[in-house]
Amino acid sequence: MDFLLDAETTPHKLVLMVVAIALFVVVMGAILFAVDKPKRVPNWLLVLGFIGPPLLIMAFGLVYPALRTLFNSFFNADGSQFVGVDNYTAIFSSEGLQVVLRNTVLWVVLVPLLATFFGLVYAYLVDRTRFENFAKMLVFLPMAISGVAAGLIWRFVYEYRPDQEGINQIGLLNQLLVWLGLEPRQFLLDQPTNTFFIIVVMVWINAGFAMTVLSASIKAIPDDITEAARLDGVSGIGMFRYVTVPSIRPALVVVLTTVAISTLKVFDIIYTMTGSQYGTSVIATEFYSQTFRQFNDGLGAALAVLLFVLVIPIIAYNVRQLRLSEEIR
Amino acid sequence: MSVRQTTRRTRSAAALAAGLGVLVAVSGCASQEQAGVGGGGENTAGAEAAESEIDCTQFEQFGDTDGAEVEVYTTIVDPESQSFIDAFGPFTECTGIEINYNGSRQFEAQLPVRVQSGNAPDIAFLPQPGLLAQMVSTGAVVEPPQAVVDNVDQYFSEDWKNYGTVDGTFYAAPLGANVKSFVWYSPSAFEEAGYEIPTTWDELMTLSDTIAATGVKPWCAGIASGEATGWPATDFLEDVVLHAQGPDVYDQWINHEIPFNDPAIAESLAQVGTVLKNDEYVNGGLGDVRSVASTEFQAAGLPILDGTCFMHRQASFYQANWPAGTDVSEDGDVFAFPFPTINEEVGNAVVGGGEFVAAFNEEPATQAVQYWLSTADWANLKAQASNPGWLNANLELDPANLKSPIDQLAVEQLQDPEVTFRFDASDLMPAQVGADAEWQQLTDWIAADQSDEDTLNNIEAAWPQ
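Listed in order, the protein sequences are those of chains D and U. Residues in the first sequence are numbered consecutively from 18, following my numbering. Residues in the second sequence are numbered consecutively from 364, following my numbering.
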């Protein structure tokens, strides 16, 4: 009966398929039968039946690894020796890791602000215009691509070729520079500006998300408010500043915090664009490098814990705002 | 809708989901098992190899192994894996042992995870002695049988046996090999311009100056390689350290008996800098010095074909990167000359790399595979089955079995007792140094024009206490 675990020929695979389907039918039938059997089920059993499995899965797949990571972060590279908070001290004192922290701060501050700002301005500008849907689609499209694909696309935009005979530029930006009579630049190599050029990619992806959510909130502003404001003589930038932005404040907070959380976890874009070299590493990429390439489990775990700690206040703020806005309603 | 109805519906949905889960789990197992077997490919050379005969009696010492299965876990994936699978053909015929060949690009990250979780493969091809030492420290690696030790003593040099040895215990026989100390050039372009192949560092520098004087950059280089960016620069440094300072300093350097910022290493780094950080010398067709850091290593040598540069220091395996149709031979489009001697007392030397066969259990079938991979029969069969780019350090590997002249040249160097061989230093250093700090700092050395002193001090600081 080995073929049940290791089917290689077609008949074996067919038998395996039949066995799998039969198993499915039997298990399904048994569950359905068992569900209908008792007429009165105590409430606690129902609750346990629904909440139990997810709780178990959460405990095993989320809580246990989290505690284990916390535990590991107090041990040395191979987990053989207790080192106290040495790993955390290393994060804040070593020069290389300070660059990582600096980059993370840049990312978490700039990406949510810029993405929300562009999304908001864009949503406001295209609101109720003739080509609104088309314009929104253009900005929303990047949301549909994975971070890896976005990274690859932008790597081509930034691609560098020397300005010399017989060599053609293949990067869009450098071609523009050459047409303007300037020298081509190594966008992804120059520190520390390269971090900003990678941040652009994340903003490009998230502006669409911000725009969609904010656009919906802008449309939800009651007409009588805007009308009253207009009668009071407010228009243009004043309308945006004193009516639109305060009215959609809860949505703004949600967008800012959501983007901030996804920014803290950014990995794919940096990994594909620079391989976290040239001083562009952030906490998530450094965590991967420490744990899986340098086998420094302790420091890797400490970085993961730090990431977790950084996310907590953002989530707490997010939840608080949501609750506040629901109370208003 | 009543409350009763709602609960029943949700229950059915939950049951359905549970049932599907079982189905997915069962079929998932089936496809995973299959993935281990590499896809078949047409390879006439492999078929030939399978037909040639080997002596089946040599496997009798392992008893009746018919029907056993051995999982081989490795970094070597399709298309290179096909020749491995082909070279196992006669072995399977003799012993009845099925090989489950499982290649993964995530090998280095996955192997420790598999070993720690008690799911170690039977055999793993480890690409670095450093990884071997790390695996040995987990206690999971078992010593090979005496037959393997005898084979290694017979067919391999002392050096290679040492690289499979951890703390005085021999664990892993060498498998593949590559030679890094090569400078690629274009024989036809050299002939046209009347340049001679340099055999010493001084001749190399004179040649570089001559070429630079004509307005062409003599060298092209590139060290970008994703997250591993920087490794080609470490190879260059290793070549110069070995050739200029000699094997003794090289060994002390690896074992941290001298610091990374020792004056001897500093001298060598400066010597590398006369090429890699010299605006007159690099980077032909690719930009200024800083473009060395951003050029992918695979593409870095290609300007030789365009005539925008003349020389490119890279390993024997670089031959795979030339476009299809390029004539790689001594008087063709491209070829390589051995890295020139720097110090007469050291003479000819090569830096190289390779894989090692580590076993995680003492099953007879596993030991039979270990044994087979350490024989000269296997080395020659594998050579016949392989495309250009594969070789090993087996002293009885007949260079004539290799198809590419560069591989033949590399094997001759490995087998020549006059040539000092040393393993890639960064592969032997702790991962924090050899696979992180050294890569990053040498990248900054070029990309951010960091000084030699800072570069070496920073690498030294990364050495685990």
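By construction, the Cβ of each residue, glycine as well, lies at the ideal position given by its N, Cα and C atoms.
Distance, residue j Cα to residue i Cα
{"i": "Leu605 (chain U)", "j": "Val612 (chain U)", "result": "8 angstroms"}
{"i": "Ala388 (chain U)", "j": "Ile38 (chain D)", "result": "Its pLDDT being 41, under 50, Ala388 (chain U) is placed unreliably by the model, and nothing is read from it."}
{"i": "Tyr526 (chain U)", "j": "Ser500 (chain U)", "result": "16 angstroms"}
{"i": "Ile277 (chain D)", "j": "Val796 (chain U)", "result": "For clarity, residue 277 (chain D) is Ala in the given sequence; the question names Ile instead. Cα to Cα, the separation comes out at about 33 angstroms."}
{"i": "Asn406 (chain U)", "j": "Asp770 (chain U)", "result": "For Asn406 (chain U), the predicted model reports a pLDDT of 42, less than 50, meaning its position is unreliable and no value from the coordinates is stated."}
{"i": "Cys457 (chain U)", "j": "Asn463 (chain U)", "result": "16 angstroms"}
{"i": "Asp625 (chain U)", "j": "Phe88 (chain D)", "result": "38 angstroms"}
{"i": "Glu659 (chain U)", "j": "Ala584 (chain U)", "result": "9 angstroms"}
{"i": "Pro550 (chain U)", "j": "Ser767 (chain U)", "result": "16 angstroms"}
{"i": "Ser446 (chain U)", "j": "Leu754 (chain U)", "result": "12 angstroms"}
{"i": "Asn465 (chain U)", "j": "Ala722 (chain U)", "result": "15 angstroms"}
{"i": "Ala450 (chain U)", "j": "Val655 (chain U)", "result": "39 angstroms"}
{"i": "Phe517 (chain U)", "j": "Thr818 (chain U)", "result": "Before going on, a small fix: residue 517 (chain U) reads as Gln here, not Phe. If you take the alpha carbons of Gln517 (chain U) and Thr818 (chain U), they lie about 42 angstroms apart."}
{"i": "Asn618 (chain U)", "j": "Gly292 (chain D)", "result": "29 angstroms"}
{"i": "Phe680 (chain U)", "j": "Gly752 (chain U)", "result": "5 angstroms"}
{"i": "Arg468 (chain U)", "j": "Glu590 (chain U)", "result": "14 angstroms"}
{"i": "Gln397 (chain U)", "j": "Glu25 (chain D)", "result": "Interpretation of Gln397 (chain U) is limited by its pLDDT of 34, a score under 50 that renders its predicted location unreliable; no figure is taken from the coordinates."}
{"i": "Asn313 (chain D)", "j": "Phe41 (chain D)", "result": "43 angstroms"}
{"i": "Pro159 (chain D)", "j": "Gly253 (chain D)", "result": "29 angstroms"}
{"i": "Gly593 (chain U)", "j": "Ser657 (chain U)", "result": "10 angstroms"}
{"i": "Gly403 (chain U)", "j": "Cys419 (chain U)", "result": "Summary for Gly403 (chain U): the model assigns pLDDT 37, below 50, so the residue's position carries little reliability, and this model does not support an answer."}
{"i": "Leu194 (chain D)", "j": "Pro201 (chain D)", "result": "6 angstroms"}
{"i": "Ala333 (chain D)", "j": "Gln192 (chain D)", "result": "46 angstroms"}
Endpoints, alpha helix (DSSP H) assigned at residue i
{"i": "Glu303 (chain D)", "result": "300-305"}
{"i": "Thr212 (chain D)", "result": "210-237"}
{"i": "Asn743 (chain U)", "result": "739-748"}
{"i": "Leu127 (chain D)", "result": "112-143"}
{"i": "Asn525 (chain U)", "result": "521-526"}
{"i": "Phe821 (chain U)", "result": "One detail in the question is off: residue 821 (chain U) reads as Asn in this sequence, not Phe. That run of the alpha helix (DSSP H) goes 815-824."}
Whether residue i touches residue j by CB criterion (8 angstroms)
{"i": "Val100 (chain D)", "j": "Gly315 (chain D)", "result": "yes"}
{"i": "Pro330 (chain D)", "j": "Leu649 (chain U)", "result": "no"}
{"i": "Ala746 (chain U)", "j": "Asn541 (chain U)", "result": "no"}
{"i": "Val512 (chain U)", "j": "Thr729 (chain U)", "result": "no"}
{"i": "Ile242 (chain D)", "j": "Val270 (chain D)", "result": "no"}
{"i": "Ile460 (chain U)", "j": "Ala731 (chain U)", "result": "yes"}
{"i": "Tyr548 (chain U)", "j": "Phe702 (chain U)", "result": "no"}
{"i": "Arg653 (chain U)", "j": "Ile809 (chain U)", "result": "yes"}
{"i": "Asn706 (chain U)", "j": "Gly609 (chain U)", "result": "yes"}
heavy atom of the ligand ADP below 7 angstroms from residue i C-beta
{"i": "Pro537 (chain U)", "result": "With respect to the ligand ADP, the structure shown offers nothing to examine, as it has no ligands at all."}
Interface partners of residue i on chain U, CB under 7 angstroms
{"i": "Tyr81 (chain D)", "result": "Residues of chain U passing the Cβ test: none, with the nearest at roughly 14 angstroms."}
{"i": "Ile184 (chain D)", "result": "Gly648"}
{"i": "Val105 (chain D)", "result": "The amino acid at residue 105 (chain D) is misidentified as Val; the sequence shows Tyr. Near Tyr105 (chain D) there are no residues of chain U at all, since even the closest Cβ is about 17 angstroms away, more than 7 angstroms."}
Residue i: contacting residues in chain U (beta-carbon distance under 9 angstroms)
{"i": "Pro179 (chain D)", "result": "Asn646, Gly648, Leu649, Gly650, Asp651, Ser654"}
{"i": "Tyr288 (chain D)", "result": "Gly589, Glu590"}
{"i": "Leu206 (chain D)", "result": "Arg653, Ser654, Ala656, Ser657, Ala810, Ala811"}
{"i": "Gln98 (chain D)", "result": "Here the premise fails: no neighbours, minimum Cβ distance about 12 angstroms."}
Neighbouring residues, chain D, relative to residue i (Cβ below 9 angstroms)
{"i": "Thr818 (chain U)", "result": "Chain D residues near Thr818 (chain U): none, gap ~13 angstroms exceeds 9 angstroms."}
{"i": "Ser467 (chain U)", "result": "Going along chain D, no residue has its Cβ under 9 angstroms from Ser467 (chain U), so there is no contact; the nearest lies around 13 angstroms."}
{"i": "Thr806 (chain U)", "result": "Gln294, Tyr295"}
Residue i: contacting residues in chain U (beta-carbon distance under 8 angstroms)
{"i": "Phe312 (chain D)", "result": "Pro475, Gln497, Ala794"}
Candidates the options, of which the one nearest residue i by Cα
{"i": "Asn641 (chain U)", "options": "U:Gln469, U:Asp812, U:Asp441, U:Trp826", "result": "U:Asp812"}
{"i": "Val709 (chain U)", "options": "U:Gln469, U:Trp564, U:Gln424, U:Gly717", "result": "U:Trp564"}
{"i": "Thr86 (chain D)", "options": "D:Val283, D:Leu324, D:Arg340", "result": "D:Leu324"}
{"i": "Ile357 (chain D)", "options": "D:Val271, D:Tyr295, D:Ala132", "result": "This structure leaves residue 357 (chain D) out entirely; chain D is present only between 18 and 346."}
{"i": "Asn757 (chain U)", "options": "U:Glu775, U:Tyr644, U:Ala748, U:Lys580", "result": "U:Glu775"}
{"i": "Leu123 (chain D)", "options": "D:Thr297, D:Gln338, D:Ala321, D:Ala318", "result": "D:Thr297"}
{"i": "Ser571 (chain U)", "options": "U:Ile705, U:Ile417, U:Cys672", "result": "U:Cys672"}
{"i": "Gly578 (chain U)", "options": "D:Leu190, D:Val220, D:Glu182", "result": "D:Glu182"}
{"i": "Thr275 (chain D)", "options": "D:Lys236, D:Val218, D:Ala224, D:Ile235", "result": "D:Ala224"}
{"i": "Leu205 (chain D)", "options": "D:Phe214, D:Ser264, D:Val230", "result": "D:Phe214"}
Interface partners of residue i on chain D, CB under 8 angstroms
{"i": "Gly585 (chain U)", "result": "Simply none; closest approach about 12 angstroms."}
{"i": "Gln803 (chain U)", "result": "Gly113, Gln294"}
{"i": "Asp799 (chain U)", "result": "Ser306, Arg310, Gln311"}
{"i": "Ala472 (chain U)", "result": "Phe309, Arg310"}
Run of the beta strand (DSSP E) containing residue i, from where it starts to where it stops
{"i": "Phe698 (chain U)", "result": "698-701"}
{"i": "Arg785 (chain U)", "result": "783-786"}
{"i": "Glu176 (chain D)", "result": "That residue, Glu176 (chain D), is in no beta strand (DSSP E); it is neither H nor E in DSSP."}
{"i": "Asn646 (chain U)", "result": "That residue, Asn646 (chain U), is in no beta strand (DSSP E); it is neither H nor E in DSSP."}
{"i": "Phe545 (chain U)", "result": "545-548"}
{"i": "Ala722 (chain U)", "result": "712-722"}
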